[in-house]
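J.: I am attaching a structure below and will ask some questions about it afterwards.
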Amino acid sequence: MPELLEQEYNIPIDELNTALNSGMFVHVRNMLESMAASDIALLLHSSPPKARTVIWQLIDSNIQSEVIEELSDEVRNPILKNMSPEKVAEAAANLDDDDFADVLRGMPDAVFKKVLKSMDKQDQVRAKRVMSYEEETAGALMNTDTITVRPNVSVDVILRYLRLKESLPEATDYLYVVDKNDTFIGEVSLAALLTSTTSKLISEVMETDFEVIPATMHDSEVASLFERYNWISAPVIDENGILLGRITIDDVVDVIREDAEHSMMSMAGLDDEEDTFAPAIKSTRKRSVWLGVNLFTALLAAFVSSLFESTLDQLAVLAILNTIVPSMGGVAGSQTLTLVIRGMAVGHVTQANSRWLLGKELAIGFFNGLIWSVLIAGVVAIWKQDVMLGAVIAFAMMMNLIAAGVAGVLIPLMLKRMKIDPALAGSVILTTVTDIVGIFAFLGTATWLLI
Numbered sequence: 001m002p003e004l005l006e007q008e009y010n011i012p013i014d015e016l017n018t019a020l021n022s023g024m025f026v027h028v029r030n031m032l033e034s035m036a037a038s039d040i041a042l043l044l045h046s047s048p049p050k051a052r053t054v055i056w057q058l059i060d061s062n063i064q065s066e067v068i069e070e071l072s073d074e075v076r077n078p079i080l081k082n083m084s085p086e087k088v089a090e091a092a093a094n095l096d097d098d099d100f101a102d103v104l105r106g107m108p109d110a111v112f113k114k115v116l117k118s119m120d121k122q123d124q125v126r127a128k129r130v131m132s133y134e135e136e137t138a139g140a141l142m143n144t145d146t147i148t149v150r151p152n153v154s155v156d157v158i159l160r161y162l163r164l165k166e167s168l169p170e171a172t173d174y175l176y177v178v179d180k181n182d183t184f185i186g187e188v189s190l191a192a193l194l195t196s197t198t199s200k201l202i203s204e205v206m207e208t209d210f211e212v213i214p215a216t217m218h219d220s221e222v223a224s225l226f227e228r229y230n231w232i233s234a235p236v237i238d239e240n241g242i243l244l245g246r247i248t249i250d251d252v253v254d255v256i257r258e259d260a261e262h263s264m265m266s267m268a269g270l271d272d273e274e275d276t277f278a279p280a281i282k283s284t285r286k287r288s289v290w291l292g293v294n295l296f297t298a299l300l301a302a303f304v305s306s307l308f309e310s311t312l313d314q315l316a317v318l319a320i321l322n323t324i325v326p327s328m329g330g331v332a333g334s335q336t337l338t339l340v341i342r343g344m345a346v347g348h349v350t351q352a353n354s355r356w357l358l359g360k361e362l363a364i365g366f367f368n369g370l371i372w373s374v375l376i377a378g379v380v381a382i383w384k385q386d387v388m389l390g391a392v393i394a395f396a397m398m399m400n401l402i403a404a405g406v407a408g409v410l411i412p413l414m415l416k417r418m419k420i421d422p423a424l425a426g427s428v429i430l431t432t433v434t435d436i437v438g439i440f441a442f443l444g445t446a447t448w449l450l451i
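Dropping the structure here:
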């Protein structure tokens with residue numbers, strides 16, 4: 001993995017680790033000074049906790065704030081905990097509003113209060129403002145670095161104003177038009193400003209057919225809008241139409257990446273902020289919860305098997321074949337579950353089309369059941385010289401693959417309605433369903449027909 005990182009990102013991780021282990025701290029400091037903040041953040045994520053502490057002390061204080069905004073909570077919080085409140089306040093003050101809020105939210109309450117006290121009045125006001133928006137909303141994601149103009153000003157005046165500024169906020173593609181009360185009334189692109197007659201008024205060149213983002217919108221919905229309309233930036237307004245700020249594509253990319261990580265890690269029962277190099281005890285504590293849940297579901301499936309203990313005693317061959325049906329159902333159900341969760345995440349699956357999707361997966365379960373039940377029936381009948389046994393496992397296979405398809409659709413829909421993350425709990429519930437249905441269908445039918 002270190003070789004791959006070095007090749008793709010030109011980060012000399014091996015050389016840095018060797019220098020750290022050899023105590024060549026001056027050499028490490030010089031190497032860090034030549035690296036971008038994002039590369040240093042990647043280095044910190046790729047280092048054990050003790051090495052992170054040393055690396056952080058060697059980073060130039062002028063770029064510490066840039067590094068902080070690139071770190072996950074799991075890596076950032078221990079670093080901030082070891083810094084004085086004054087240093088944390090100094091580093092956080094240079095962050096954009098969204099990153100500023102993210103850092104403050106990640107702090108324990110006691111640390112947050114100390115940091116807030118050490119800030120100047122202006123930053124205290126700013127902190128209270130950015131913290132007023134709920135986490136994972138457009139308000140928490142936005143920045144206030146907008147350029148606003150009035151509709152009754154000429155293009156020439158705006159162009160001269162922009163030249164006086166000498167620089168523009170990053171990812172600026174539109175200027176926002178507001179009235180005297182800061183109510184958002186339109187937007188004008190930089191392209192329109194450059195290509196319009198300078199004597200025209202902004203009201204003549206601005207766009208009034210626009211999409212705006214409410215401050216309360218969930219950040220996943222914001223990301224979907226950016227993807228749908230190919231935005232670079234978008235204005236954020238409050239419930240009264242007052243312009244609050246803007247969201248830029250770089251922040252949306254972070255949301256998309258975090259959502260993808262969340263879905264991937266949740267399916268394994270892990271926190272999406274899980275630190276690869278976290279202490280063993282801490283990681284064990286986090287993972288034990290879902291291992292406990294999995295043990296409970298496994299015991300539930302074992303209990304169903306125990307109901308047919310006498311059947312297994314009389315036909316030992318059933319114990320050999322008993323794992324096949326639940327296993328096939330688990331794989332088929334996981335395919336459907338993954339497809340539905342992805343569809344829900346990108347907004348493709350809704351209550352309106354869920355019935356059609358359920359019908360489709362029911363048909364897929366039937367056709368897959370038909371194919372694989374015939375195949376397994378033939379294999380078992382030839383292997384064990386028992387046609388009836390082949391018919392029993394074929395019937396169980398058919399029932400479980402149909403159940404897997406239905407469960408793969410219904411489980412995430414029901415969990416979402418209950419406000420439970422389908423990615424987190426869906427796979428555990430699905431496995432339980434396919435195990436119980438598979439075991440019950442196979443051993444129950446065998447008991448009925450063979451004993």
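Under the UniProt record's numbering, the letters of the sequence shown match residues 1 to 451, in that order.
Backbone N, C-alpha and C define an ideal beta-carbon position, used for all residues, glycine too.
1. Would F112 be called buried (16 or more neighbouring beta carbons within 10 Å of its own) or exposed?
2. For S154, which residues from the same chain have a beta carbon less than 8 angstroms from its beta carbon, with the 5 sequence-adjacent residues on both sides left out?
3. Compute the distance between the beta-carbons of I213 and V178, then report whether it is under 8 angstroms.
4. Could you tell me whether the stretch 362-379 touches the stretch 337-353, where touching means 3 or more Cβ pairs closer than 8 angstroms?
5. Mind listing, in chain order, the continuous beta strand (DSSP E) runs of no fewer than 3 residues lying wholly within the UniProt domain "CBS" (142-204)?
6. Is the beta carbon of L337 closer than 8 angstroms to that of S427?
7. Going straight from the alpha carbon of V130 to that of W56, what length do you get?
8. At what residue ranges does the stretch 207-253 contain a whole run of the beta strand (DSSP E), taking only runs of 3 or more?
9. Where D238 and T208 are concerned, what is the direct C-alpha to C-alpha distance, given to the nearest angstrom?
10. Tell me, which residues are paired with T137 by DSSP?
11. Do M414 and S373 come within 8 angstroms of each other at the CB atom, strictly closer than that value?
12. On the CB-based measure, 16 or more other CB atoms within 10 Å of its CB, does M1 come out buried or exposed?
13. With 16 as the cutoff for other CB atoms within 10 Å, does R52 come out buried or exposed?
14. Please work out which residues of its chain come closer than 7 angstroms, Cβ to Cβ, to E3, disregarding the five sequence neighbours upstream and downstream, and give them in chain order.
15. Hey, quick one: how far does the alpha helix (DSSP H) through I420 stretch, first residue to last?
16. How far does the alpha helix (DSSP H) with Q314 in it reach, from first residue to last?
17. If you follow the alpha helix (DSSP H) that M131 is in, where does it begin and where does it stop?
18. Which two residues bound the contiguous alpha helix (DSSP H) that contains S354?
19. Which whole runs of the alpha helix (DSSP H) in the stretch 29-78 are 4 residues long or more, in chain order?
20. Can you list, in chain order, the residues of its chain with a C-beta nearer than 8 angstroms to that of E6? Leave out the 5 residues immediately preceding and following it.
21. Using DSSP with H/G/I as helix, E/B as strand and the rest coil, what is L95?
22. Can you say whether V149 is buried or exposed, counting buried as having 16 or more other CB atoms within 10 angstroms of its CB?
T.: Straight from the coordinates:
1. Burial call: buried.
2. T198, S199, K200, L201 and I202
3. no
4. no
5. 174-178 and 184-189
6. yes
7. 27 angstroms
8. 233-237 and 243-248
9. D238 and T208 have their C-alpha atoms roughly 18 angstroms apart.
10. H218
11. In this structure, the beta-carbon distance from S373 to M414 does not fall below 8 angstroms.
12. Because the pLDDT of M1 is 37, which lies under 50, any placement of that residue in the model is unreliable, and the question is left without a value.
13. buried
14. At E3, the pLDDT of 42 sits below 50, so the modelled position is not reliable; the number obtained from the coordinates is stated separately. For E3, where only same-chain residues beyond five positions count, there are no Cβ hits under 7 angstroms.
15. Where I420 is concerned, there is no enclosing alpha helix (DSSP H), given that its DSSP letter is neither H nor E.
16. For Q314, the uninterrupted alpha helix (DSSP H) segment begins and ends at E309 to Q314.
17. It is not in any alpha helix (DSSP H) - M131 carries neither H nor E in the DSSP assignment.
18. S354 to K384
19. Within the stretch 29-78, the complete alpha helix (DSSP H) runs of at least 4 residues are 37-45, 49-58 and 64-68.
20. Residue placement at E6 is flagged as unreliable, the pLDDT there being 40, under the threshold of 50; a coordinate-derived value is accordingly withheld.
21. coil
22. buried
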